[in-house]
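Note sheet for the following structure.
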Amino acid sequence: MTKKYKRFADLIRKDCLRMCHIGGSGHIGSMLSSADIVSVLYESILHVDPENPKKIDRDRFILSKGHAGAVVYAALCEKGFFPREWLPTYYGDDGKLMGHISHYVPGVEYSTGSLGHGLGVCCGMALAAREAGEKHRIICLMSDGDCNEGSTWEAIMFAAQQRLDNLTAIVDYNYIQALGFTRDIIDLGDLSSKVKKFGWSTCDIDGHDYLEIENSLSKLPHEKNKPTLIVAHTVKGKGVSFLENTVASHYAHISDEVLAKALKEIGE
Amino acid sequence: MRKIFNKTLLEIARKDARIHLVLADIGYGEIEGFAKEFPDRYYNVGVAEQNMTAVACGLAMEGNICVTYSIANFPTLRCLEQIRNDVCYHNANVKIVIIGGGVSYGPLGVSHHSTEDIAIMRALPNVVVLVPCDLQEAESATHAMMEYEGPVYYRCGYKNERDIHHKPFKFEFGKSITVEDGDDATIIFCGPIGFEAQEAVIAARKKGINVRLISMHTVKPIDREAVITAAKETRKIITVEEHNLSGGLGSAVAEVLVDEGNLDVKVKRMAFPDVYVHEVGSQEWLRSLYNMDASAIEQEIYAICRT
Ligand SMILES: [Mg+2]
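Here you go:
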């Protein structure tokens, strides 16, 4: 049952490693921590169509942690939104794939890159869907760093006030932000309880347990008239032992050696 | 001017169900008409300008037309990154409206003065920058803005603006309006301070100096042709704006002249001299304190014509 998720997650993890290697770019840790969530989303949750990326009833998926854009590019590529030849152009001159997620890429709903932008825009999209009586969901994948931004909390309060139950936020809570561990910088603590007090329906899952991810996303909303927050507890750099739970994985350089070692671990 | 804006917006909203008003808890006594008539297209996000802009952008991404609205710098500087990354980069159909351009809210103080907004907004790609000068222009500009597809910044006045236009005109983005004819010099202005310039032009005319008076209601895209023609025909240009000296209308005009090159033209920019206007007083009083009232502008006309 969860085999397909593992298979897909392995593929996109390897794509991300190759992209960061060829691009000489960072954020691999953030990509790897999200990979299992993204796998479940694209394998069975999101209603999206590579033949018609702008289909009106598609689910709106917004990656608010835009620095992990490559993990979504990889998923979109595997799903056929654009050709494989695009992947090695990531981050490069005249490349097809910008470092931070870009709506110029087929299948990407929205561009982000500066934290704290995604959730507010999702609120607007959720209002629009509700007004129009459309049934698609709005799903926002965020980071713990995202939750440092005041604008995120503006949106959290607003979504509850508006009872936006067509809105789901997933926080990839990997406990590490750019300069260190969240507990040493801005300790979000029990994020789920905090946001629950703000009026959301919230839950905690293991963000690497495919069944838990699937269960949390298969019946949305969790409560009528409330937006849903899924706090996915994850490990930064997940899947590559020497990157796991390291601050360095945020900016780690993927050298030839690192790439070979990492690909071997995931299994080629 | 804020009354005519709200009245016009409401009239347009009656004919177009895509129009939404997204507020950040500002607009008392002005926005109730819209809120009452279109409760389903009206959102007050609370005192949260970043979210106001983000929500408006999200609504607009789904085919709606959104107006964000607040006073002075609140809907621009407070949420500038949302305007840049969300609204302008995505070319979302969001209209950013401020009430109280310049020092309209004089005695409220620096936090409520919008004196860098033109510079900052016109630095962003994809956004039209409108600065209407009187009620007639404000109404026309509102219609043009709501018909246009894409981001627009609308710098509204506050109250008691004087009429500048005395004849009907066709309002088009990027096409300035010549309010007074003349060939001895040109004053290019934007916004309600144009009334001070108009009084100066009328006073100078009595002394035999005929000054062309141009309302540059669209600072971006600017009417290059009008600027270049004025330079060639009158060889003297004074810009007048209720804004800081850096980056506003005067800078925009200067850029046109520099880019055109080979022009024999003298330019004087009248604006706040790169300061925060900390003195306490009304808009009118502050204009005179900073030598931006009619008599100060009149003196600049004589000065530029003498040299
Ligand atoms: Mg993190």
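Residue numbers (our numbering), protein chains in the order written: chain A, -11 to 256; chain B, 241 to 547.
All C-beta atoms, glycine included, are put in the ideal place defined by N, C-alpha and C.
Since the structure is predicted, the reported quantities are computational estimates derived from the model, not experimental observations.
Show which residues of chain B have a CB atom less than 9 Å away from the CB atom of residue i.
| i | result |
| --- | --- |
| A:G108 | V285, A288, Q290, N291, M292, T293, A294, V295, C297, G298, Q322, D326 |
| A:S131 | Near A:S131 there are no residues of chain B at all, since even the closest Cβ is about 16 Å away, more than 9 Å. |
| A:A56 | Going along chain B, no residue has its Cβ under 9 Å from A:A56, so there is no contact; the nearest lies around 17 Å. |
Quick one: give me the first and last residue of the beta strand (DSSP E) that residue i is part of.
| i | result |
| --- | --- |
| B:E420 | 417 to 420 |
| B:V459 | 458 to 460 |
| A:S131 | 126 to 131 |
| A:I254 | A:I254 -> not in any beta strand (DSSP E); alpha helix (DSSP H) instead, spanning 244 to 254. |
| A:E118 | The sequence shown places Arg at residue 118 of chain A, not Glu. Counting along the chain, A:R118 falls outside any beta strand (DSSP E), though it belongs to the alpha helix (DSSP H) covering 106 to 120. |
| B:L261 | 259 to 263 |
| B:R509 | 506 to 512 |
| B:I338 | 334 to 339 |
| B:V580 | Nothing can be reported for residue 580 of chain B: it is not among the residues displayed for chain B, which extend from 241 to 547. |
| A:F(-4) | Element bounds for A:F(-4): not the beta strand (DSSP E) but the alpha helix (DSSP H), -9 to 11. |
| B:A425 | 425 to 429 |
When you compare the CB positions of residue i and residue j, do they come within less than 8 Å of one another, or not?
| i | j | result |
| --- | --- | --- |
| B:M385 | B:K460 | no |
| B:M301 | B:V262 | no |
| B:I433 | B:E481 | yes |
| B:A444 | B:E519 | no |
| B:H383 | B:I252 | yes |
| A:S102 | A:I89 | no |
| B:N333 | B:C373 | no |
| B:D514 | B:T474 | no |
| A:K67 | A:Y30 | yes |
| A:I164 | A:H238 | yes |
| A:Y61 | A:Y79 | no |
| A:A240 | A:Y161 | no |
| B:N484 | B:F512 | yes |
| A:P275 | A:A148 | With chain A running from -11 to 256 in the structure shown, residue 275 of chain A is simply not present. |
| A:C135 | A:L167 | no |
| B:V517 | B:C430 | no |
| A:L20 | A:K249 | no |
| B:A264 | B:A288 | yes |
| B:V368 | B:F413 | yes |
| B:K446 | B:I478 | no |
| B:H330 | A:H91 | yes |
Shorter than 7 Å, the distance from the beta carbon of residue i to the closest heavy atom of ligand 1, or not?
| i | result |
| --- | --- |
| A:L131 | The sequence as given places Ser at residue 131 of chain A; Leu does not occur at that position. Within the cutoff, so yes. |
| B:I544 | no |
| A:I164 | yes |
| A:K224 | yes |
What residue range does the alpha helix (DSSP H) around residue i cover?
| i | result |
| --- | --- |
| B:F435 | 434 to 446 |
| B:F245 | 242 to 255 |
| B:V496 | 489 to 500 |
| B:H383 | 375 to 387 |
| B:Y283 | Element bounds for B:Y283: not the alpha helix (DSSP H) but the beta strand (DSSP E), 282 to 284. |
| A:L199 | 198 to 206 |
| A:S52 | Where A:S52 is concerned, there is no enclosing alpha helix (DSSP H), given that its DSSP letter is neither H nor E. |
| B:A288 | From DSSP, B:A288 is part of no alpha helix (DSSP H); its letter is neither H nor E. |
At 7 Å on the CB atoms, spell out the chain B contacts of residue i, in chain order.
| i | result |
| --- | --- |
| A:S52 | Here the premise fails: no neighbours, minimum Cβ distance about 11 Å. |
| A:M113 | G298, M301, E302 |
| A:A157 | The premise fails here: A:A157 is roughly 14 Å from chain B at the closest Cβ pair, so nothing lies under 7 Å. |
Hey, would you say the C-beta of residue i is under 7 Å away from at least one heavy atom of ligand 3?
| i | result |
| --- | --- |
| B:K255 | Summarising the ligand content, the structure contains ligand 1 and does not contain ligand 3. |
In chain A, what lies closer than 9 Å to residue i by C-beta?
| i | result |
| --- | --- |
| B:Y394 | Under the 9 Å cutoff, chain A gives no residues; its nearest Cβ is about 20 Å from B:Y394. |
| B:D256 | What B:D256 touches in chain A: nothing, since even the nearest Cβ is about 14 Å away. |
Can you name the residues of chain B whose CB is closer than 8 Å to the CB of residue i?
| i | result |
| --- | --- |
| A:F146 | V285, G286, A288, N291, V295 |
| A:H105 | A294, E321, Q322, N325, D326 |
| A:S102 | E321, N325 |
| A:E245 | Near A:E245 there are no residues of chain B at all, since even the closest Cβ is about 36 Å away, more than 8 Å. |
| A:S229 | Near A:S229 there are no residues of chain B at all, since even the closest Cβ is about 36 Å away, more than 8 Å. |
Can you pull the chain A neighbours of residue i, defined as C-beta to C-beta under 8 Å?
| i | result |
| --- | --- |
| B:H330 | H91, Y98, S99 |
| B:D280 | E119 |
So with CB distances below 7 Å, who are the chain A contacts of residue i?
| i | result |
| --- | --- |
| B:D374 | Correct list: empty, because the minimum Cβ distance to chain A is about 34 Å. |
- Query: Does the region 15 to 35 of chain A come within contact of the region 191 to 206 of chain A, defined as at least 3 CB pairs closer than 8 Å?
  - Reply: yes
- Looking at C-beta atoms only, is the number of pairs between the region 25 to 45 of chain A and the region 121 to 134 of chain A that lie closer than 8 Å three or more? yes
- Contact between the region 270 to 279 of chain B and the region 39 to 59 of chain A: three or more CB pairs below 8 Å? no
- Message: Any contact between the region 347 to 354 of chain B and the region 401 to 414 of chain B? By contact I mean 3 or more CB pairs, one from each, below 8 Å.
- Response: no
- Query: Should the region 72 to 88 of chain A be called in touch with the region 137 to 145 of chain A, which here means at least 3 C-beta pairs below 8 Å?
  - Reply: no
- Message: Across the region 226 to 237 of chain A and the region 143 to 151 of chain A, are there enough close Cβ pairs to call them in contact, namely three or more that are closer than 8 Å?
- Response: no
- Item | Stretch-stretch touch, CB-based, cutoff 8 Å, three pairs: the region 278 to 293 of chain B with the region 305 to 320 of chain B | yes
- Task: Taking 8 Å as the threshold, find out whether the region 498 to 507 of chain B comes into contact with the region 437 to 455 of chain B through three or more Cβ pairs.
- Result: no
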